């Protein structure tokens with residue numbers, strides 16, 4: 004089959020996906036539901052509501068940026084291993100980048116949390132956005148904790164032996180053994196990052212779907228806080 | 258690189274003694290390290306600054 008024929012068959016396949024007789028297929032239903040819930044102009048908007056022009060709205064994306072550095076430096080640490088990050092100068096630098104990006108991550112996330120708490124960001128059908136953010140914060144604490152246990156130094160030994168009593172007092176010590184390095188490392192580099200990234204993804208998609216919560220003063224009535232047609236108010240827009 | 262690290266290390270060490278044991282604040286049943294207390298104070302300051310400081314707007318359609 005020639006390249007042109009391949010392209011033609013691909014194009015005809017795309018057209019065939021929207022044929023009326025295929026409308027009851029689960030792929031078509033899922034696609035239509037996804038496009039309806041998150042149309043491209045909502046996922047990547049050109050404009051934001053005017054009230055977003057405040058420094059307090061910066062800390063969410065700052066948290067995302069810090070998370071990206073955390074993940075990238077963590078991947079580099081995973082490639083080279085503990086001897087490298089404890090001994091070589093470049094390893095120590097990347098290890099420090101990993102630590103300090105976590106510090107920035109939590110710093111920005113807490114300021115973001117305070118800002119959203121005091122503007123009651125769960126208003127107007129935004130409960131799921133708030134809840135995913137809170138759960139993400141709690142899971143991130145666990146990810147940071149298992150990271151301290153994975154340092155492979157005296158600090159991690161001290162933290163694990165101190166923490167085991169606390170974990171044991173909850174009854175979870177039998178299945179979550181903080182002195183088991185292999186288990187803690189797997190939680191730190193596999194399970195918890197996966198949960199954090201998934202939650203952050205859902206959180207950001209919910210922000211795009213429901214929009215950024217308006218301030219109290221501009222929208223005193225509950226009804227006006229609801230994103231009725233998936234678009235920000237036409238009279239409150241500013242170039243992003 | 259090592260010289261720079263030594264200079265920065267000695268400079269930082271002259272400001273803050275990082276070799277000793279940590280300093281803690283005791284307030285009733287609350288016990289918190291000075292480092293964490295300073296960090297919380299910084300977060301409060303940044304939070305207040307983020308609310309009060311003006312944000313430069315882009316474009317002309319700021320309605």
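Protein chains in written order, with the numbering used here: chain P, 4 to 243; chain U, 258 to 320.
Glycine is no exception: its CB is placed at the ideal position from the N, C-alpha and C atoms.
Keep in mind it's a predicted model, so treat the numbers as computed, not measured.
Checklist entry - Taking 8 Å as the CB-CB limit, is residue 308 (chain U) close to chain P? => result Taking the second chain and counting its residues from 1, the one referred to as residue 308 (chain U) is at position 51. Output row for residue 308 (chain U): interface = yes.
Next on the checklist: Measuring straight from C-alpha to C-alpha, what distance separates residue 303 (chain U) and residue 186 (chain P)?
Outcome noted: Locating residue 303 (chain U) in the second chain gives position 46, counting from the first residue. Locating residue 186 (chain P) in the first chain gives position 183, counting from the first residue. If you take the alpha carbons of residue 303 (chain U) and residue 186 (chain P), they lie about 37 Å apart.
Next on the checklist: So, does the region 38-56 of chain P touch the region 64-71 of chain P, judging by three or more C-beta pairs under 8 Å?
Outcome noted: no
Checklist entry - residue 135 (chain P): which of P:160, P:210, P:35 sits nearest, CA to CA? => result Position 132 of the first chain, counting from 1, holds the residue named residue 135 (chain P). Checking every option, the nearest Cα to that of residue 135 (chain P) belongs to P:210.
Item to check | Near-chain U residues of the region 107-127 of chain P - C-beta to any C-beta below 8 Å | outcome: 110, 113, 114, 117, 118
Checklist entry - In chain order, what residues of the region 55-69 of chain P put their CB closer than 8 Å to some CB of chain U? => result Of all residues in the region 55-69 of chain P, 56, 57, 58, 59, 61, 62 have a Cβ within less than 8 Å of some Cβ in chain U.
Checklist entry - So is residue 304 (chain U) in contact with chain P if we call contact Cβ pairs under 8 Å? => result Within the second chain, residue 304 (chain U) is the residue found at index 47, counting from 1. With 8 Å as the cut-off, residue 304 (chain U) counts as an interface residue toward chain P.
Next on the checklist: Tell me the residue span of the beta strand (DSSP E) that contains residue 284 (chain U).
Outcome noted: Looking up residue 284 (chain U) in the second chain gives position 27. Segment 281-284, the beta strand (DSSP E) holding residue 284 (chain U).
Next on the checklist: Under 8 Å: do the region 116-123 of chain P and the region 68-84 of chain P share three or more Cβ pairs, one atom per stretch?
Outcome noted: No, they do not touch.
Checklist entry - In angstroms, rounded to a whole number, what distance separates the CA positions of residue 112 (chain P) and residue 72 (chain P)? => result Position 109 of the first chain holds residue 112 (chain P). Position 69 of the first chain holds residue 72 (chain P). In a straight line, the C-alpha of residue 112 (chain P) is about 14 Å away from that of residue 72 (chain P).
Checklist entry - Per DSSP, what kind of secondary structure is residue 57 (chain P) in: helix, strand or coil? => result Looking up residue 57 (chain P) in the first chain gives position 54. Looking at residue 57 (chain P) - three-state DSSP - the assignment turns out to be coil, as it is neither helix nor strand.
Next on the checklist: Comparing C-alpha positions only, which one of P:138, P:95, P:28 sits nearest to residue 199 (chain P)?
Outcome noted: Working through the first chain from its first residue, we reach residue 199 (chain P) at position 196. Selected option, being the one with the closest Cα: P:138.
Next on the checklist: Which of the three DSSP states is assigned to residue 288 (chain U) in this structure?
Outcome noted: One-based indexing of the second chain puts residue 288 (chain U) at position 31. Three-state DSSP puts residue 288 (chain U) in a strand.
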